[in-house]
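Novice:
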């Protein structure tokens, strides 16, 4: 952007530059009439992101000023795209009318013609502080997080600004990544010069992150003398809360959105999962992004956005309290057993607006008459649901708790019902949202305005008769107000001094006039209309105040409706997929019969294929399964499906199995697959080892671990040694439940020394040269890896397959000759075979050996020609 020291900036440019500096790193939306304009670098950046025209307006420092703009009435759609692109936007609105600007200029001794309308930044729009319906995903929470550190402990304050839900917790520095992965924030705020903040975090002055300020602000917001009512919050939590509230005030330019009483989350409140595990299990988002292919995409049958958000929260933080888990399962069972009532409930829930987010907009000062109407309609339906469900027999405890929060709004809903029209508009500037009969004075103003309009219609008819101009019309616009318009050919008759008409404006083909009577009626309409709008605005503020006073009770009702939706949706999914109710226990067993992968099964169902179910039974004397078999045989699917069944069960959902008994899992770990993280200097193998190290350091006896192909990213010696040592550590040191998939056949010897390890494999067969994958799990070690068959399926050239088959035959023959695995890992059959192969064989001997092992019938003409060229290159050149 151009420098601020322009010797003679225009008043408008001087105002813009002052606001631009105040906006900091945010794009500045500068209100000019019906458009938000952007200038300089903001314009270049926004025009590129929004794909809109970049123009110029005037000059600054002798250079044209780049400019682009978006209409105010459709600004939300453009804001959504900018926020998605990672931008923050400062909104500079006109804070006075042109008349007020002229009056101010007069007081300041400035000519009225040069009066510039005052503007100020009224709000910062950021990813974590959105409340507008058009900018939010209805099925995903939008969470803002603030972090603070005190004495080595990190406090975390999180808030979904759209609903006001606020949670305080703390963790050790090395667990911050896992906590943020669970919360999945849209925006993170940290103190300046802090070392632990994630990439892209917003920094704020360190002075705003103090525990005393946090306690004082929370007490002031909720009007209480002590925070003990809400929980025993640590100093780190309160410091984070201070930073969160200060940032919200900064973004809102002094005003705060809805903030509900903070909820304390204990450090061990739920099953722990690190970032790698969440990514591996694709809980809320598939590897390629989006819900399709994720666990929630396969499970979610919620009919409301609030229910979908709550289900995502449940899946992100499975419980450790059996009582709380069983309460959720009992609610699912209740609706599972009542399909007719479940269908009726879901039909009702579909009609209920998103109360939490409507409440959030109202409290934040961004509410509309439509939001009030949504609150009226939602609370009314909640009361009806209570009346219906309170009569249901055999209600589970959680349903009774939900019912308690569905009522108590009778006076407010009656008030809203009397005050509002059936379908209130989104905009309130034009009025028309207060119902007739609610306010007799308002009705009288409307009647007066209506009478005046009828008087104008009668006046138009009378003027036509008096002037003999049948085409005379009385019109209205925002500049002239009411005026008389006649075609230009009839204008002379009204120009006469004694005609009673006053010339106002000449147009192409028409002339406009005024009259004393018209002026009087127009004044009456304007006064009545203005008073009516003022009356409606006053009623709106009264209704908003009433809603704000009841905000906590309304939020509780919104949460209760979401829990109803989740319970019924989980029952719908269970009925749809024939899922079972899991049994939970405090031991370390795991017994799943007929288990299926929910995502894979759903994908197969769309193609008409059947998923092959498998059992998984782990006990103290059988807690580590070593699983072999070919690639594509289903090992990774089997590992993940059991981890997902455990997760679903502890989240309070039914599970895709014939039966499931699950000993509570305190920590769930999944190391299945890995990818480069080159931005952080980590290769695939490094990522694999980091994830494995985390498991070995953090897993406990109550944990459940799934490991796939540990050690495959390095040399065979190193990889086998690592896999061997990791398996031993899991078995003998951690002693947790574990599924360990591997291609290292040598690991089968661990069963001789590890008494709680059992061998399993996924079944496969070769039939007439083709590989048949059965996707069934069977006891015992795999007879072989079927790697060459898989390579053939993948399209590896036949010549390569044949050469690999020859090498494999030599390796297997050598293994038999050496008697299998040696006492130590240093004399593996693979390397013994390679040592046994003559190193001094001549090129001719190597060529002869290759020719003997080549299937000539399998070669295409092109492959045969390529092979001849390759052989020729390997032979020494003739000396002649």
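Numbering (the working numbering), first residue to last: 5 to 884. We put the CB at the ideal spot given by N, CA and C, even for glycine. Just so you know, these numbers come straight off a predicted model, no measurement behind them.
#1: Among residues of its own chain, excluding the 5 on either side of residue 124, which ones have a beta-carbon nearer than 6 Å to its beta-carbon?
#2: Buried or exposed, going by whether 16 or more other CB atoms sit within 10 Å of the CB of residue 454?
#3: With a threshold of 6 Å on Cβ separation, who are the neighbours of residue 377 within its own chain once the five nearest residues in sequence on each side are excluded?
#4: Less than 8 Å between the C-beta atoms of residue 120 and residue 82, yes or no?
#5: On the criterion of 16 or more Cβ atoms from any shown chain inside 10 Å, does residue 201 qualify as buried, or is it exposed?
#6: Measuring CA to CA, which of 391, 437, 525, 501 is closest to residue 480?
#7: Which residues in the same chain have their Cβ closer than 6 Å to the Cβ of residue 875, if we skip the five residues on either side of it in sequence?
#8: Could you tell me whether the region 401–418 touches the region 553–560, using the rule of 3 or more Cβ pairs below 8 Å?
#9: Does DSSP classify residue 343 as helix, strand or coil?
#10: Compute the distance between the beta-carbons of residue 666 and residue 653, then report whether it is under 8 Å.
#11: Under 8 Å, with one C-beta from each stretch per pair, do the region 311–325 and the region 568–579 reach the 3-pair mark?
#12: Give every residue of the same chain whose Cβ lies closer than 6 Å to the Cβ of residue 18, excluding the five residues on either side of it in the sequence, and list them in chain order.
#13: Do residue 346 and residue 576 have their CB atoms nearer than 8 Å?
#14: Nearest-angstrom Cα distance between residue 149 and residue 717?
#15: Identify, in the order they occur along the chain, each residue of the same chain with its Cβ nearer than 8 Å to the Cβ of residue 39, setting aside the five sequence neighbours on each side.
#16: Report yes if the CB atom of residue 170 is closer than 8 Å to the CB atom of residue 32, and no otherwise.
#17: Whole angstroms are fine: how far does the CA of residue 212 sit from the CA of residue 229?
#18: So what does residue 629 bridge to, in DSSP terms?
#19: For residue 15, list the residues DSSP reports as bridge partners.
#20: Which parts of the region 254–322 are runs of the beta strand (DSSP E), unbroken and 3 residues or longer, counting only runs that do not cross its ends?
#21: Among 392, 372, 403, 281, which residue has its Cα nearest to the Cα of residue 333?
#22: If the criterion is Cβ atoms closer than 8 Å, does the pair residue 674 and residue 215 meet it?
#23: What are the uninterrupted segments assigned as alpha helix (DSSP H) that are 4 or more residues long and contained completely in the region 480–522, given in chain order?
#24: Taking only three categories from DSSP, how would you classify residue 22?
#25: Output yes or no for whether 8 Å exceeds the beta carbon distance between residue 174 and residue 157.
#26: Put residue 199 into one of helix, strand or coil per three-state DSSP.
#27: Near residue 581, what residues of its chain come up, given a Cβ to Cβ distance below 7 Å and the 5 sequence neighbours on each side ignored?
#28: Grab me the residues of residue 85's own chain with a C-beta within less than 8 Å of its C-beta, minus the 5 sequence neighbours each way, in chain order.
#29: If residue 276 and residue 671 are in contact, beta carbons under 8 Å, what's the gap, nearest whole angstrom?
#30: Compare the beta carbon distance of residue 637 and residue 727 with 8 Å and say whether it is the shorter of the two.
#31: From the DSSP output, read off the bridge partner residues of residue 622.
#32: Rounded to a whole number of angstroms, what is the C-alpha to C-alpha distance between residue 824 and residue 306?
#33: Pull up the distance between the alpha-carbon of residue 561 and that of residue 360, whole angstroms please.
#34: Got a sec? Which residues, its chain only, sit under 7 Å from residue 164 by beta carbon, not counting five neighbours each side?
#35: Of the residues 733, 734, 713, which one's Cα is nearest the Cα of residue 724?
#36: Below 7 Å CB to CB, which residues in the same chain sit around residue 321 once its five sequence neighbours on both sides are set aside?
Specialist: Concretely, from the data shown:
#1: As a working note, residue 124 is residue 120 in the chain shown. 99, listed in sequence order.
#2: Within the chain shown, the letter at position 450 stands for residue 454. So residue 454 ends up on the exposed side.
#3: In the chain shown, counting from the first residue as 1, residue 377 sits at position 373. Around residue 377: 424, 428.
#4: Start at 1 with the first residue of the chain shown, and residue 120 comes out as number 116. Start at 1 with the first residue of the chain shown, and residue 82 comes out as number 78. Going by C-beta atoms, residue 120 is not nearer than 8 Å to residue 82.
#5: Here residue 201 corresponds to residue number 197 of the chain shown, with the count starting at 1. Buried.
#6: Translated into positions along the chain shown, residue 480 becomes position 476. For residue 480, the nearest C-alpha among the options comes from 525.
#7: Reading the chain shown from its first residue, position 871 is the one you call residue 875. Answer for residue 875: 851, listed in chain order.
#8: yes
#9: Numbered from 1 along the chain shown, position 339 holds the residue referred to as residue 343. In the structure shown, residue 343 sits in a helix (DSSP, three-state: H, G or I).
#10: One-based indexing of the chain shown puts residue 666 at position 662. One-based indexing of the chain shown puts residue 653 at position 649. Yes, the pair counts as a contact, with Cβ atoms nearer than the cut-off.
#11: yes
#12: Along the chain shown, read from residue 1 onward, the residue named residue 18 stands at position 14. For residue 18, where only same-chain residues beyond five positions count, there are no Cβ hits under 6 Å.
#13: By one-based count along the chain shown, residue 346 stands at place 342. By one-based count along the chain shown, residue 576 stands at place 572. Yes. Within cutoff.
#14: Here residue 149 corresponds to residue number 145 of the chain shown, with the count starting at 1. Here residue 717 corresponds to residue number 713 of the chain shown, with the count starting at 1. Their Cα atoms are separated by approximately 36 Å.
#15: Mapped onto the chain shown, residue 39 falls at position 35. Within the same chain, residue 39 has close Cβ partners 73, 74, 75, 76.
#16: In the chain shown, residue 170 corresponds to position 166, counting from 1. In the chain shown, residue 32 corresponds to position 28, counting from 1. Not closer than 8 Å, so no.
#17: Translated into positions along the chain shown, residue 229 becomes position 225. Translated into positions along the chain shown, residue 212 becomes position 208. Residue 229 and residue 212: Cα-Cα distance of roughly 21 Å.
#18: One-based indexing of the chain shown puts residue 629 at position 625. 743, 762.
#19: Your numbering for residue 15 matches position 11 in the chain shown. Answer by DSSP bridge pairing: none, since residue 15 is not bridged.
#20: none
#21: If you number the chain shown from 1, residue 333 lands on position 329. Here the closest residue by C-alpha is 403.
#22: The residue labelled residue 674 in the question sits at position 670 within the chain shown. The residue labelled residue 215 in the question sits at position 211 within the chain shown. Going by C-beta atoms, residue 674 is not nearer than 8 Å to residue 215.
#23: 495–499
#24: In the chain shown, the residue the question calls residue 22 occupies position 18. Looking at residue 22 - three-state DSSP - the assignment turns out to be helix.
#25: Walking along the chain shown from the start, residue 174 turns up at place 170. Walking along the chain shown from the start, residue 157 turns up at place 153. Against a cut-off of 8 Å, the Cβ pair of residue 157 and residue 174 comes out as a contact.
#26: What you label residue 199 is simply residue 195 of the chain shown in a count that begins at 1. Here residue 199 sits in coil by DSSP.
#27: The residue labelled residue 581 in the question sits at position 577 within the chain shown. Cβ within range, chain order: 660.
#28: Here residue 85 refers to the residue found at position 81 of the chain shown. The answer, listed in chain order, is 53, 54.
#29: In the chain shown, residue 276 corresponds to position 272, counting from 1. In the chain shown, residue 671 corresponds to position 667, counting from 1. Indeed they touch by this definition, with Cβ atoms about 4 Å apart.
#30: Here residue 637 refers to the residue found at position 633 when the chain shown is read from its first residue. Here residue 727 refers to the residue found at position 723 when the chain shown is read from its first residue. Taking 8 Å as the Cβ cut-off, residue 637 and residue 727 do not qualify as a contacting pair.
#31: In the chain shown, residue 622 corresponds to position 618, counting from 1. Paired residues: 594.
#32: Here residue 824 refers to the residue found at position 820 when the chain shown is read from its first residue. Here residue 306 refers to the residue found at position 302 when the chain shown is read from its first residue. Residue confidence is low: residue 824 scores 48 on pLDDT, short of 50, so the model does not pin down where it sits. Its coordinate-derived value is still stated next. So the alpha carbons of these two residues sit roughly 57 Å apart.
#33: Taking the chain shown and counting its residues from 1, one reaches residue 561 at position 557. Taking the chain shown and counting its residues from 1, one reaches residue 360 at position 356. Straight-line Cα distance between these residues: approximately 9 Å.
#34: As a first step, residue 164 must be located in the chain shown, where it is residue number 160. Same-chain partners within the cutoff: 145, 146, 147.
#35: Counted from its first residue, the chain shown places residue 724 at position 720. Among 733, 734, 713, the Cα nearest to that of residue 724 belongs to 713.
#36: The count along the chain shown starts at 1 and reaches residue 321 at position 317. 186, 274.
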